[in-house]
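Q: Handing you a structure now.
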Amino acid sequence: MPEFFCGVGGYTLVNIAFDIDGVVLKSIEVILNRINHTTGKQLRPAELKAWDLEPLGVDVPTLRDAVDYMYAQDHIEPYDGAASVLSTIYRLTGKPLLFITGRVDPETARRQLLSLPWNSTVPEMVITGGDRDKRSYLTETEADFIVEDDPHHLRDYLKAGVGVGLMLQPWNRHVDIPVTERFHGWSDVEQWFMELEARQE
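The opening position of the sequence shown corresponds to residue 144 in the working numbering, with each subsequent residue numbered one higher.
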């Protein structure tokens, strides 16, 4: 169970989980590039207004092909600062980094995470998931906070007592869910984490 304290920012954390696609990896860029290549469209991440792509006129077979193409990649570029900040969190906590993905096969994410430019050594990792609704995985891993970009189940996580850090992206910037934290990028995550560390000293 999370330990709560009175103060700005929420609560002292025991176990932080990170989503992967849209938080650590620029997966959407790979997906859109594949769709653009096969359909002649010119979709860009900055133009997305929602997490789902079907409203943009992308049919299911095309979308499935693009997602499978993304899964098959050995490397996907990370968001600026992701590997560095995660390395710092690993070093300071001394615990394996916890990733919870919505991918059906989390092993595809493991390969791509291992390819990232980690600081001095590849951190230990726990990678789990397989469903867009991550409540069961949050419970199994005893995570009490998740950094996420998909708004669909955020209210469910909050109701379950899990803190939510929303990584702001074009597809979720207008979400009005009262999440615990809003991050504009990994520098915000680092600052937030370091403040938590300082409170626990």
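Glycine included, every Cβ here is placed at the ideal spot set by N, Cα and C. Since we're looking at a predicted model, the values are computed, not measured.
Taking C-beta to C-beta, are Met213 and Ser170 nearer than 9 Å?
A: yes
Q: Going straight from the alpha carbon of Leu235 to that of Phe161, what length do you get?
A: Leu235 and Phe161: Cα-Cα distance of roughly 16 Å.
Q: Could you compute how far the alpha carbon of Pro204 sits from the alpha carbon of Asp276?
A: 23 Å
Q: Spatial neighbours of Ala189 within its chain, please: C-beta separation below 8 Å, excluding the five flanking residues on both sides.
A: Pro313
Q: What's the C-alpha gap between Ala303 and Glu197?
A: Answer to the nearest angstrom: the Cα atoms are 29 Å apart.
Q: Can you list, in chain order, the residues of its chain with a C-beta nearer than 7 Å to that of Phe336? Leave out the 5 residues immediately preceding and following it.
A: Short of 7 Å from the beta carbon of Phe336, and not among the five residues preceding or following it, lie these beta carbons of its own chain, in chain order: Ile232.
Q: Classify Pro313 as helix, strand or coil using the three-state DSSP reduction.
A: coil
Q: Could you check what DSSP says for Glu291 in three-state terms: helix, strand or coil?
A: strand
Q: Comparing alpha-carbon positions, which option in Glu283, Trp194, Thr323 lies nearest Arg298?
A: It is Thr323.
Q: May I ask which residues mark the beginning and end of the beta strand (DSSP E) holding Ala160?
A: Where Ala160 is concerned, the enclosing beta strand (DSSP E) stretches over 159 to 161.
Q: Quick one: what's got a C-beta closer than 8 Å to Arg254's C-beta in the same chain, skipping five residues either side?
A: Closer than 8 Å at Cβ, skipping near neighbours: Asp217.
Q: I'd like the ranges of any alpha helix (DSSP H) spanning at least 4 consecutive residues and lying wholly in the segment 243 to 281.
A: 249 to 257
Q: Where Arg342 and Pro239 are concerned, what is the direct C-alpha to C-alpha distance, given to the nearest angstrom?
A: 21 Å
Q: Just verifying my parser: in three-state terms, what is the DSSP assignment at Leu301?
A: helix
Q: Given Val151, which residues of its chain have a CB within under 6 Å of its CB, disregarding the five upstream and five downstream residues?
A: With a pLDDT of only 38 at Val151, under 50, the local geometry of the prediction cannot be trusted, and the value read off the model is given with reservation. Once the five neighbours on either side are set aside, Val151 has no close Cβ partner at all.
Q: How about Ala225 and Val166: do their beta carbons lie closer than 9 Å?
A: yes
Q: Less than 9 Å between the C-beta atoms of Asp292 and Asn315, yes or no?
A: Cβ atoms of Asp292 and Asn315: closer than 9 Å.
Q: Would you tell me roughly how many angstroms separate the C-alpha atoms of Thr251 and Ala215, rounded to the nearest one?
A: 7 Å
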